[in-house]
Amino acid sequence: MASNFSEVSDGGIEDTPMVYNYKDPTSFFASVLMIVNGIFGLVCNAFIVYIFIKERKERTAFNVICMIRAIVNFYVLTTNHLALFVPMTLLGKPIISKALETWAICMSNSLYMANEYLTVVIALNRFISLFFPLYYAKLCGMKPTIGILVVMYMYRIGAVTKETINYTAIHCYVRYYVEFLSWSPDFDPQCQSNSGIMTFMAVTFGIVSLLNAATFLKIFKFYKIGVFGVVCNFLIVYMFKKEKSIRSSFNLICVFRAFINLYVLITMFLICFLPTIVLGYSIYHPLLEAFFIILSNTFYLGNEYQTILVAANRFCALFFPLHYSKFFGYKSTMIMLFAIYGYRFVALFIQSFFFFDTEVTNDVECLIFFSSEKLTWTITDDPSCSTEDNILLVVSITFLVVFILNIAIFTKVVIYQKVCF
Numbered sequence: 033m034a035s036n037f038s039e040v041s042d043g044g045i046e047d048t049p050m051v052y053n054y055k056d057p058t059s060f061f062a063s064v065l066m067i068v069n070g071i072f073g074l075v076c077n078a079f080i081v082y083i084f085i086k087e088r089k090e091r092t093a094f095n096v097i098c099m100i101r102a103i104v105n106f107y108v109l110t111t112n113h114l115a116l117f118v119p120m121t122l123l124g125k126p127i128i129s130k131a132l133e134t135w136a137i138c139m140s141n142s143l144y145m146a147n148e149y150l151t152v153v154i155a156l157n158r159f160i161s162l163f164f165p166l167y168y169a170k171l172c173g174m175k176p177t178i179g180i181l182v183v184m185y186m187y188r189i190g191a192v193t194k195e196t197i198n199y200t201a202i203h204c205y206v207r208y209y210v211e212f213l214s215w216s217p218d219f220d221p222q223c224q225s226n227s228g229i230m231t232f233m234a235v236t237f238g239i240v241s242l243l244n245a246a247t248f249l250k251i252f253k254f255y256k257i258g259v260f261g262v263v264c265n266f267l268i269v270y271m272f273k274k275e276k277s278i279r280s281s282f283n284l285i286c287v288f289r290a291f292i293n294l295y296v297l298i299t300m301f302l303i304c305f306l307p308t309i310v311l312g313y314s315i316y317h318p319l320l321e322a323f324f325i326i327l328s329n330t331f332y333l334g335n336e337y338q339t340i341l342v343a344a345n346r347f348c349a350l351f352f353p354l355h356y357s358k359f360f361g362y363k364s365t366m367i368m369l370f371a372i373y374g375y376r377f378v379a380l381f382i383q384s385f386f387f388f389d390t391e392v393t394n395d396v397e398c399l400i401f402f403s404s405e406k407l408t409w410t411i412t413d414d415p416s417c418s419t420e421d422n423i424l425l426v427v428s429i430t431f432l433v434v435f436i437l438n439i440a441i442f443t444k445v446v447i448y449q450k451v452c453f
């Protein structure tokens, strides 16, 4: 492997040396493939870096890891792939000295190996976000992540610098061989060393496998809960439609609640949140994602209003049974339900108009999105995007009214049991 040329001998008679360059169809075709793949890789990795710099909401700790990985990929593709390997494959000979070629290959390989470390960092990032979300900002925030990345790549640069200096001093080189379209180190005895690469790869694979298995099980559990909720609420709707004997005004409230739960579980949990948790980024347009979340939340808040309706229904049935059909008949209940969700829909429209209007929000694009770091939906971090919908006041009043009605119902039931038994 001391040459970039192959000599074929038969019976001690030397043939014309085979030169692997652009005149050789195989080498030329390989060069074209290397150029196409290299340029495609450069464009893809450049887009990752560009999006991170351009979009503020993409500047998360997790995406920092992806951006650094893209920068390293860009460096490797530029210096090794396109600037070194392609010209050598076309010319069929070295274009720089052995020492420089060794430095270029070793530095790129060392940084690329650091990218393998990133698989552990990425797996750990996802693991902490799912199992320890309250500590995510502390352990995997922007500053800790950048610190880990700096230490990791500085270690790799220092390690490869030391090794390359030592090996080139004893004339041990790493060369690219056009015969094999690959680089290879010298195999002389003085150039041999035990780098422990197999042990490193095995340990890395083991750690990543364990973390990813735990993460997958957590996501699968999340998915099962969502599917379980869909099945349960679907059965409520199915029973109401199938069995005429249970089509009461009270059960009508339960069916409306089940419909809303189905919508929320399917659109927000399974369609919107789950892909973001798995991939680490949203697959939807920001406005579509905001629509999913806002509509689900507003109808789910309508379900909270229903708790008052349910409590009032039971209260009227126990305390005013003669007037129950008048106040909580089928039609009356239907009208109240449409009024509740109609009000929520109108409130959603008005609130969204002011929330997404850049003139109202001082030219700030306000969005609502699911954060894969916090595992919950959140809004754009800007004072102009803060909204005051009196949600705490609504929840407090709802809780108080429901509490009073349920206490009265419970008291009535207890008195009835004492009288009867």
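The numbers in the sequence shown follow my numbering, run straight up by one, and end at 453. Each residue gets a CB set at the ideal place from its N, CA and C atoms; glycine is no exception. Given the structure is predicted, the values throughout are model-derived calculations rather than measurements.
Residue range of the alpha helix (DSSP H) that includes S59:
57-86 is the span of the alpha helix (DSSP H), which, as asked, contains S59.
Does DSSP put F401 in a helix, in a strand, or in coil?
strand
Assuming F272 and R279 form a contact by the criterion Cβ under 8 Å, report the distance between their Cβ atoms to the nearest whole angstrom.
Correct: roughly 6 Å between the Cβ atoms.
Return the first residue and the last residue of the beta strand (DSSP E) that S129 is part of.
Run containing S129: none; DSSP gives neither H nor E here.
When the distance is taken between beta carbons, is V118 closer than 8 Å to I67?
yes
For the putative contact between A290 and N329, defined by C-beta atoms under 8 Å, what is the C-beta separation to the nearest angstrom?
About 18 Å; that fails the 8 Å criterion.
Residue interval of the beta strand (DSSP E) (run including R454):
Residue numbering for the chain in the displayed model covers 33 to 453; residue 454 lies beyond these limits and cannot be assessed.
Would a C-beta distance cut-off of 8 Å place W215 and I326 closer than the cut-off?
The answer is no: Cβ separation not under 8 Å.
Using the rule of at least 16 other Cβ atoms within 10 Å of the residue's Cβ for burial, across every protein chain shown, is F164 buried or exposed?
exposed
Per DSSP, which residues does V206 bridge with? Please list them.
P217, per the DSSP bridge assignment.
So what does T410 bridge to, in DSSP terms?
For T410, which the question treats as bridged, DSSP gives the partners F401.
Grouping DSSP H, G and I as helix and E and B as strand, with all else coil, what is F232?
The answer is helix: DSSP assigns F232 an H, G or I state.
Considering only their Cβ atoms, is the gap separating L150 from R101 smaller than 8 Å?
yes
Are the beta-carbon atoms of Y337 and S281 separated by less than 8 Å?
no
Does the stretch 106-113 come into contact with the stretch 166-177, if we say contact requires no fewer than three beta-carbon pairs (one atom in each stretch) closer than 8 Å?
Judged by Cβ distances under 8 Å, the stretch 106-113 makes no contact with the stretch 166-177, as fewer than three pairs qualify.
Which residue marks the beginning of the alpha helix (DSSP H) containing A169, and which one marks its end?
Looking at the DSSP string, the run of the alpha helix (DSSP H) that includes A169 is 168-172.
Rounded C-alpha distance that separates T393 from F301:
Unreliable placement is indicated for T393, whose pLDDT of 48 sits below 50; the coordinate value is still reported in the next sentence. Their Cα atoms are separated by approximately 29 Å.
I'd like to check one pair, N438 with A343: are the Cβ atoms closer than 8 Å?
A contact, by the Cβ cut-off of 8 Å.
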